[in-house]
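K.L.:
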Amino acid sequence: ASGNAPAAAGSKAGPNAGTTAGTAAQPASQIAMSDGPAPKGYPALVGHPVAVILFAVVVNKDADVYNLTLPQVRGIFAGTITNWRQVGGADVPVRIVARTPGSGTRANFDAKVLGHAEAPFSSYNCLSKDAVPASPVTKCEVADTGTLLQRVNAVPGAIGYAQVADAAPFAGVESVKLNGWDPTIGA
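The numbering used here applies: residue 25 is where the sequence shown begins, and numbers increase by one.
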């Protein structure tokens, strides 16, 4: 951060970073960027869309899957689909790599794609249910998009969600179509 600007904070933490008092003659004002709506309890925050960020469901290329339906994605995150062969892919177990609960990306994915909150994490290593063996899903959680993409890139059968532009440099990551639609601005 330069000058008096506060350091960057996450989607959910950002509003608390901008709580500086002004005066009647000089009201305080700051600009905050977020990938989600203002949290409850901040009535003075007013949204003004200025950009679009494209998100995609991303999979490790070993899954050999290039198109998923919304019910298939929901089934994967619910644990009813546990192997990629169940959706026409390779015989590789599904391993979910998700963002941590405070993430704005996760909040949007849960609301717009799943329609509910994700199942709790079950894996420390993203390969097995080493944290919660009885879980219906193998799911690890990471704090940022870069780590999510590194894990999806490295873990056979991994699935996650990320910004399309961030996923592009990873050779082992495929941005899949959702219901036949590419993750593009025209979709």
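We put the beta carbon where it would ideally sit given N, CA and C, even for glycine.
In whole angstroms, give me the CA-to-CA distance for Lys136 and Leu94.
P.N.:
Between Lys136 and Leu94, the C-alpha separation is close to 10 Å.
K.L.:
In the DSSP output, which residue or residues are listed as bridge partners for Gly71?
P.N.:
Gly71 is not bridged to any residue.
K.L.:
Within the continuous beta strand (DSSP E) that includes Phe79, where are the two ends?
P.N.:
Residues Phe79 to Asn84.
K.L.:
By the three-class DSSP mapping on this structure, what secondary structure does Leu151 have?
P.N.:
It is coil, neither helix nor strand.
K.L.:
Does DSSP classify Gly184 as helix, strand or coil?
P.N.:
Strand at Gly184.
K.L.:
Take the Cβ of Pro67 as the centre, count every other Cβ of all protein chains shown within 10 Å, and call the residue buried at 16 or more, exposed below.
P.N.:
Exposed.
K.L.:
Given this structure, state the Cα-to-Cα distance separating Pro61 from Pro73, to the nearest angstrom.
P.N.:
So the two alpha carbons sit approximately 10 Å from each other.
K.L.:
Assign Pro95 to one of three DSSP states: helix, strand, or coil.
P.N.:
Looking at Pro95 - three-state DSSP - the assignment turns out to be helix.
K.L.:
Indicate the three-state DSSP secondary structure (helix, strand or coil) for Lys64 in the structure shown.
P.N.:
The answer is coil: DSSP assigns Lys64 none of H, G, I, E or B.
K.L.:
I'd like to check one pair, Val116 with Cys164: are the Cβ atoms closer than 8 Å?
P.N.:
Not a contact, by the Cβ cut-off of 8 Å.
K.L.:
Are the segment 145-156 and the segment 76-89 in contact at 8 Å, needing three or more beta carbon pairs?
P.N.:
Result no; under three Cβ-Cβ pairs closer than 8 Å.
K.L.:
In three-state terms, what does DSSP make of Asn177?
P.N.:
Helix.
K.L.:
Can you list, in chain order, the residues of its chain whose CB lies under 6 Å from that of Val176, leaving out five sequence neighbours each side?
P.N.:
Same-chain partners within the cutoff: Val82, Asn84, Val121, Ala182, Gly184 and Val197.
K.L.:
State yes or no: is the C-beta of Ala143 within less than 8 Å of the C-beta of Gly99?
P.N.:
Not in contact: Ala143 and Gly99 (Cβ atoms no closer than 8 Å).
K.L.:
Report all residues from its chain with a CB closer than 7 Å to the CB of Leu138; omit the five preceding and five following residues, and keep chain order.
P.N.:
Taken in chain order, the residues that qualify are Arg98 and Phe101.
K.L.:
Please tell me whether Val118 and Thr129 are closer than 8 Å, where the distance is taken between their beta carbons.
P.N.:
Their beta carbons are not under 8 Å apart, which means Val118 does not touch Thr129 by this criterion.
K.L.:
Whose C-beta lies closer than 8 Å to the C-beta of Ala277 among residues of the same chain, with five residues either side of it excluded?
P.N.:
No answer is possible for residue 277: the residues shown for the chain start at 25 and end at 211.
K.L.:
Can you look up Asn203 in the DSSP assignment and give me helix, strand or coil?
P.N.:
Note: Asn203 maps to coil in three-state DSSP.
K.L.:
Is Val166 closer than 8 Å to Arg109 when the C-beta atoms are compared?
P.N.:
The answer is no: Cβ separation not under 8 Å.
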